[in-house]
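Protein sequences appear in the order of chains A and B. Note that my numbering has the first sequence beginning at 14, numbered continuously upward. Note that my numbering has the second sequence beginning at 379, numbered continuously upward.
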Amino acid sequence: MGVQDDLAVVAAGQAAASAGLGNALGERAGLYLSVGYLPFEQADVDVLFENSVDERGFSMQRFSSQAYDAVNPLLTFRCLSNMPAFHISANFNVQGPYFVTYPGAGQFYIALDQAYHALSTGTVDIAIVGGVAHQRNFLVHHHFGRVEPPVHALSDAGACLILESAAHARRRGATVRAHLSQYDLHYEPHDPFETSIVPHETGADSGMGPASLPVALNRNRQPVLSHDLVAADGIRASSVWELL
Amino acid sequence: MRRRVAVTGMGIVCPIGHSTEQFKANLLAGQSGVGPITLFDPAELPTRIAAEVHWDGANRLRDRKIAFALEAARQAMDSGRPHGEGGLSLGIGLELFSMPDLCAMRRPDFAMPAGLRDRLTFLQTPSDLCVHMISNEHGLRRPPLTHVSACAAGTDALGTAFRMVADGRYDWMLAGGTDSMINPLGVGGFCRIGATSVVNDQPERASRPFDANRSGFVLGEGAGMLLLEPLDRAFDRGATVVAEIAGYGNSFDAWGISEPHPEGRGAYQAMARAVKDAGITVDEIDCINAHGTSTPKNDSVETLAIKRLLGDRAYRVPVCATKSMIGHLISAAGAVEAIAAILSLQSHCIHPTINLENLDPLCDLDYVPLRARRYVHHVTLSNSFGFGGQNASIVLKAVHA
């Protein structure tokens with residue numbers, strides 16, 4: 014498992030435990046997860062580079078023989094954006110529907126929106142809604158160093174919420190910890206090659222990518238959490254949570 | 379009140395066609411799009427074949443999958459813009475990085491490119507860029523949905539868009555998938571886990587779903603996009619309705635990282651949920667467009683799941699595998715295969731599963747081997763199952779005005 018997978022599983026496990034759920038969530042539980050940009054560690058990049066280069070630069074001959082044998086075959090799986098979702102499903106026997114998206118805090122809201130509708134329509138009884146990002150690595154640093162303005166304060170983070178309808182929570186005698194009292198979600202189309210939107214977030218730590226809001230909710234000790242987001246990808250969102 | 383959802387536009391760029399007309403002709407003719415890799419020198423990689431897109435516009439951007447998606451979206455929108463505010467639901471591929479760029483970065487005189495466009499495409503292009511480029515080009519003002527459920531992403535994109543339109547959350551949606559992993563890291567990575575066929579000397583025969591001699595999938599590339607809107611509004615505006623999306627289901631295997639549940643539990647659940655969502659019975663399914671990867675494990679397990687779903691009828695319902703011709707388009711697979719299924723529904727003809735010469739004893743259904751079959755059918759179930767046990771199915775119906 015990669016760092017992002019570890020974060021996702023630990024966060025989902027903590028959320029399930031705090032909600033009084035076991036490790037076998039079954040067919041009526043769905044997963045709605047936003048993951049960060051593709052992580053790739055410097056050490057893995059170094060192995061690839063050192064075994065793929067000759068005096069002229071990149072050598073496919075060396076890549077196909079030296080690097081091919083040198084890299085960990087499981088690296089392929091660590092690179093797939095759906096792996097955190099796989100590890101949560103396998104560890105907690107989640108067999109219900111899913112929505113797996115990426116890469117930022119705006120997409121957490123879209124995952125939240127999908128979970129809300131799945132609960133509203135009775136598609137699921139329980140929705141695990143999470144954000145997870147492994148950002149302190151070579152490739153994510155590269156990405157955030159080239160955008161305008163560059164983003165330097167990046168954290169690794171993962172957090173999940175367990176959402177369920179009020180009726181379901183009552184039936185199983187669950188302790189209700191928060192109400193989502195309002196949320197808004199908007200989008201402004203733009204050309205990403207021409208326009209840089211300066212991101213802005215209040216109520217949460219913007220360096221945590223898609224995990225910012227669920228981390229803030231897990232940390233919050235105030236009766237109300239208000240979150241406002243202007244994401245670099247044109248998504249604007251806000252929500253108000255009443256913490257009980 | 380749930381609305382019926384029509385497909386009123388389709389766009390495609392794939393190894394056997396850069397338009398729906400060309401794709402349909404080659405699909406029904408059983409044309410293979412697999413050949414030697416030309417996009418880079420595969421040198422000593424075990425797999426040196428793939429289903430490449432040979433289209434002039436492919437290299438207009440450094441990331442081919444963005445060019446594919448933009449073109450497929452333009453084609454889908456050619457049928458006319460529906461009323462109201464639209465959104466995008468897109469399955470996108472992995473952001474692999476460029477090995478030549480990585481090596482260039484290590485040179486002592488290296489400097490990052492100056493312009494935003496050059497910086498964002500250097501080393502690696504974030505996959506979500508094409509979501510915003512398409513939204514911008516077509517003025518899609520509703521928040522876009524980006525799906526990263528690997529090989530199931532294209533079908534998840536269609537299914538989620540179907541639900542959004544059916545529930546009235548969005549007025550209409552462009553939905554589909556795009557992918558290109560035919561590059562050193564993509565091909566090398568799949569080789570390293572033994573997933574791809576190594577039948578390099580006969581590329582056109584390498585992708586052989588359900589065949590006893592199948593040895594792995596063949597990597598493909600491309601994009602498929604569909605325009606979804608409420609059926610009644612489509613008729614009102616005089617749009618040509620090519621099909622209806624009637625149901626969607628997805629599931630986790632909650633089992634293995636690369637291998638399906640041995641009894642096809644997750645695949646069955648996705649199919650059964652799609653059928654239930656469509657409000658039909660399994661007896662109304664009269665064709666299945668299979669995930670059919672040509673890997674030893676997928677094809678036999680998918681067969682088991684279909685048998686569980688259809689019971690004794692399984693032996694009488696044709697099952698076809700588009701991947702036999704175009705390879706595995708990963709995040710684009712579900713969208714392109716949905717288009718294949720719709721073209722089959724429209725033409726009363728099921729495309730063949732080519733290269734199916736020696737049936738695997740564990741794969742004992744009617745897979746429409748070798749040649750297309752004249753067959754009037756009305757309801758097709760289309761499957762996509764991903765690495766990591768994410769399974770998605772949609773129900774497609776013929777529409778008669």
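Glycine residues also receive a C-beta, built at the ideal position from the N, C-alpha and C atoms. Quantities reported herein were computed from a predicted structural model and do not represent experimental measurements.
Among the residues of the stretch 195-224 of chain A, those with a Cβ less than 8 Å away from any Cβ of chain B are L198, H199, Y200, E201, P202, H203, D204, P205, F206, E207, S209, in the order of the chain. In terms of Cα proximity to K685 (chain B), the closest of B:L507, B:Y646, B:D534 is B:Y646.
Of the residues assessed, E735 (chain B) falls on the exposed side of the cut-off, its CB having fewer than 16 other CB atoms within 10 angstroms. Burial is judged here by how many other beta carbons sit within 10 angstroms of a residue's own beta carbon; S225 (chain A) has at least 16 and is buried. Between the stretch 109-124 of chain A and the stretch 221-236 of chain A there are three or more inter-stretch CB-CB distances shorter than 8 Å, so the stretches are counted as touching.
For A450 (chain B), the enclosing alpha helix (DSSP H) covers residues 442-455.
The shortest C-alpha to C-alpha distance from V526 (chain B) to any of B:M379, B:G564, B:L468 is the one to B:L468.
Contact of L518 (chain B) with chain A is assigned, a C-beta pair being separated by under 8 Å. Contact with chain A is absent for V383 (chain B), since none of that chain's Cβ atoms lies less than 8 Å from the residue's Cβ. Pairing I415 (chain B) with D67 (chain A), the inter-Cα distance amounts to about 23 Å. Counting along the chain, the unbroken beta strand (DSSP E) around M388 (chain B) starts and ends at 383-391. The continuous stretches of alpha helix (DSSP H) do not include N628 (chain B), which lies in the beta strand (DSSP E) extending over residues 621-630. By the CB criterion at 8 Å, E177 (chain A) and I139 (chain A) fall inside the cutoff.
Taking the Cα of G598 (chain B) as reference, the smallest distance to any Cα among B:A612, B:A451, B:A617, B:S575 is reached at B:S575. Flagged as an interface residue toward chain B: C92 (chain A), by a C-beta distance shorter than 8 Å. Annotated as distal: H726 (chain B) and Y745 (chain B), with beta-carbon spacing of 8 Å or more. DSSP, reduced to helix, strand and coil, places M511 (chain B) within a helical segment of the structure shown.
G644 (chain B) belongs to the set of residues whose beta carbon lies under 8 Å from a beta carbon in chain A. Judged by their CB atoms, L721 (chain B) and L774 (chain B) are not nearer to each other than the 8 Å cut-off. The Cβ atoms of A601 (chain B) and F765 (chain B) lie no closer than 8 Å to each other. A482 (chain B) has a beta carbon lying within less than 8 Å of a beta carbon in chain A. If you compare the alpha carbons of A:A191, A:E207, A:S219 with that of R495 (chain B), the shortest gap goes to A:E207. For N514 (chain B), the closest Cβ of chain A is nearer than 8 Å. Inclusion of I141 (chain A) and A56 (chain A) in the CB contact set at 8 Å is not warranted, their separation being larger than that value. Per DSSP, R69 (chain A) is not a residue of any alpha helix (DSSP H), being assigned neither H nor E. Between T538 (chain B) and the set B:A482, B:A624, B:R442, the nearest pair of CA atoms involves B:A624.
Under a criterion of Cβ atoms nearer than 7 Å, no residue of chain B is adjacent to T188 (chain A); the nearest Cβ is some 26 Å distant.
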